[in-house]
Amino acid sequence: MTTIQVYNTLSGKKEPFEPLNGNNVLMYACGPTVYDLSHLGHARMALVWDVVQRYLRFSGYDVTYVRNVTDVDDKIIHRAKVMGVTPEQLAREYTYTFWHDMHCLNVQPPDYEPKATEFIELMIEFTKGLIDKGHAYVSENDVYFDVASFKDYGKLGKKNLDDLLVGAREQVRSQNDLSERKKNPVDFALWKGARDGELGWSSPWGSGRPGWHLECSTMTKHVLGETIDIHAGGEDLVFPHHENEIAQSEALHNAPMAKYWLHNSFVQVNSEKMSKSVGNFSTIQDLLAMFSPDTIRLFALQTHYRHPIDFSIESLSATRTAMARLLRAASYANPGTEDNGSKSKANVQTFGEQLLKQNKEQISRATADKHDPVKDETTTQFRQAFLEAMDNDFNTAIATSQLFQLADRIFQEEDKLKQSGYAQVFTQHARMLGLTLVDTRRHVDIAVSEQVLDLVLQLRQNARANKDYQTSDLIRKQLTELGINVMDITGGGTTWERA
RNA sequence: GGCGGCAUAGCCAAGUGGUAAGGCCGAGGUCUGCAAAACCUCUAUCCCCAGUUCAAAUCUGGGUGCCGCCUCCA
C-alpha cells in the first residue's frame, strides 16, 4: 500500500501514516458546538476532514469516523436564556441546521455522531477515575484536573507550565472566585457545579455539568478506544482543548490518546480570523443562497488545509467561474446528455438520491485503473499526479489543479470515445474530493425565471402588435402546457399566474 | 511577553535545493451573422539584506510586515 504522509501537530513534522491496527483507522474529529448557525469556517473544518476520511477509505483503509456534537456548554446555556428556550431545544434546533448544512455540502455523515449529553454517566466515571489516580480534585461543587500532576502537559501546544502560569495568574485575578477554588491557575474544570436553577445532572459532587474537554476524551474512549489513530480539529483547538484532552486521557489510561493529531487552518476575512466573536462571519446558509455546494467545496479545497483561506465574495465568484469549467468537462462523461439531457430528466432524482448513488459507485485505489474506460498516458499521468498530491498530506490544491489540466485535455480531445473516457476518469476523481458534479449550470432561480417570463410575454406583445397572432397564440399555448396561464388584460397589458 | 505560522504575477494559490502548478481577471488570434463556449499564444525569478552551495523561492543568520494560539472559538 502506498504510504500517505500526514503532518502531525504533535511532532511538528510530516510522518508516514501507519495505522496502529493493521488496516483499521480510528478517526475522531471535533464537531461543532450547536448554539448558532454554522459559518464558512465550520464548513471548512467539515469539508477538510470529510475529504480526508474519503481518501483514506479510497486508499483501502477500513475507517471508523466519529464526529461529535457538543450539545451542552456555557454558550448554549447563555444563548438559550437569551432566546427564551431550554438549552435542549436550542441544541436540537442547531443540530438540525448543522445536519442540513452538511447534507447540502455533500459532507458524508460520520459513522458515529455522539452527543455530549448521551455520555454524562461515562464522563462522571471518567472523572472519578482521575480523582482516584490523584490527577483531579474536588473543590466545593467543582472538580478540577490537576495539571501539575501530568508531566507531559504542553506537549501538543508546545507550552511549558512556567510560562503558562505567568499568563494564567493575571487572568485568574480577574475572576477571583475561581482562583480560590483552583489549586493552580491553569487547572481546568472536569465538572462544573450548577448554580441555582441551572441545567445540571446529578453526580457525586452534586448537580452540575461536564467541562468542555471531558466529553471528547470520554467519547473517544467509549466509541473508539483508549488510543486512536487520528484526532482532528481546527487549529484553535490545539490549545487548550486538545492539550487538555491529552492530559485527561493519558493520565487516566497511561497510553497515548492518538497517534496523529491533525489540524486545519482558518478562514479569514481581510486577514483576520472569521469567528462568531469578531462578527465577520458568513453562514453556510447565506453562502448556499449564492453559490453551489461544489463551488464552496472547490473554494475550500483549492487551498491546502493547513493554510489560511482569505474569504471574499470576489474570490468565491472566481471559483464559481472555475467550477463551471469543471462541470462542462464532466458533462462529456455521458455523451449525448450534453445536448438533449436537459429535458428535466436529470431532475427526477433528488439531490440525496444522487449522492447515495455516487457514494455507491465510488472507486477504490486498488481497482481504480481497472475501471478506466480509456487507459493511456493522459489518464496514467493524471492519476499518478492526483494521487501523489493526495498522498502528500492531502494536498487538494495540487489535486484540483490536476482536474483543471485534465479538463483541458477533455476539451481538446476530438475522439469522442476517448473524450468520454477521460471525462469519466475526471468524474471519478472529482467525486473522491466530494464534488457532486451535479450540473448547476442551468439551474435558474425564481427571480430569473420571472424575468424570462416577462421577456417572453414582451415578445408575444410585440407579435400581437404586428398582428402576428400565429406566433402570439403559439407562445400562449406553450406556456399553458407548462402550467403558466397567460391573461390579457382588457385595455392593455398582460399578466400570468401558475395554474 | 511565550509559542507557532505566513510573506510567490493585478487577485487567489501550489511548490521546501536543480532553475516558478493551477484558478480568476486581462491582451492578441482562430471559430461565429453577432456573442458565448472551446482552441492557440502572451502575462512573475518568488518581502529586504547577508551567508552556505556548482546550484536557493526552497537551507542558515539578521531585518521588515502580517496572522494565529496562550480566554470562548472549526
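According to my numbering, the residues represented by the first sequence are 105 to 603, in order.
Heads up, the beta-carbon is just placed ideally off N, CA and C, and yes, glycines get one too.
Here the structure is a predicted model, which is why all the values come from computation and not from measurement.
Secondary structure at N496: strand, using DSSP grouped into helix, strand and coil. By the CB criterion at 7 Å, G338 and M149 fall inside the cutoff. For L265 and Y216, the gap between their C-alpha atoms comes out near 35 Å.
For Q109, the closest C-alpha among the options D558, L160, H204 is that of L160. Here T168 has N128, V129, L130, M131, D215, Y216, L328 as same chain residues with Cβ atoms under 8 Å from its own Cβ, once five neighbours each way along the sequence are excluded. The continuous beta strand (DSSP E) containing K296 extends over residues 292 to 297. In its own chain, leaving out the 5 sequence neighbours on each side, no residue places its CB closer than 8 Å to the CB of G596. Between the alpha carbons of A252 and L510 lies a gap of roughly 56 Å. As a beta-bridge residue in DSSP terms, E119 pairs with V110. The C-alpha of G145 is placed about 11 Å away from the C-alpha of N384.
For T598, there is no enclosing alpha helix (DSSP H); the enclosing beta strand (DSSP E) has its first and last residue at 598 to 602.
Boundaries for V529: no beta strand (DSSP E) harbours it, while the alpha helix (DSSP H) harbouring it runs 520 to 536, taken from the DSSP string. DSSP places A362 in the uninterrupted beta strand (DSSP E) bounded by 362 to 368. Per DSSP, reduced to three states, the secondary structure at F254 is coil, with no helix or strand assignment.
Excluding sequence positions up to five before and after D512, its CB lies less than 7 Å from no other CB in the same chain. For M227, the enclosing alpha helix (DSSP H) starts and ends at 224 to 236. Distance between T107 and Q157, taken at the CA atoms: about 15 Å. Taking the C-beta atoms as reference points, V242 is found no nearer than 7 Å to F202. Taking a contact to require three or more Cβ pairs closer than 8 Å, the stretch 391 to 403 and the stretch 356 to 372 do not qualify as touching. Counting only unbroken stretches of 4 or more residues, the alpha helix (DSSP H) elements lying wholly within the stretch 344 to 407 are 347 to 357, 388 to 394, 397 to 405, in sequence order. Taking a cut-off of 8 Å for Cβ pairs, the stretch 169 to 176 and the stretch 314 to 328 touch, as three or more such pairs fall below it.
For A503, the CB contacts under 7 Å within the same chain, skipping 5 residues up- and downstream, are F490, A493, M494, L537 in chain order.
In the three-state reduction of the DSSP assignment, P191 falls in the helix class, which pools H, G and I. For S243, the enclosing beta strand (DSSP E) starts and ends at 240 to 243.
Of the residues F486, I413, K464, the one whose Cα lies closest to the Cα of M378 is I413.
Check the Cα spacing between T471 and each of R487, K219, E481: the tightest is with R487. The beta carbon of K179 sits closer than 7 Å to the beta carbons of T137, Y139 from its chain, once the five residues preceding and following it are set aside; these are given in chain order. When the five nearest sequence neighbours on each side are left out, the beta carbons in the same chain lying within less than 6 Å of the beta carbon of K219 are those of V173, D175, in order along the chain.
Here the alpha carbons of N570 and T598 stand approximately 16 Å from one another.
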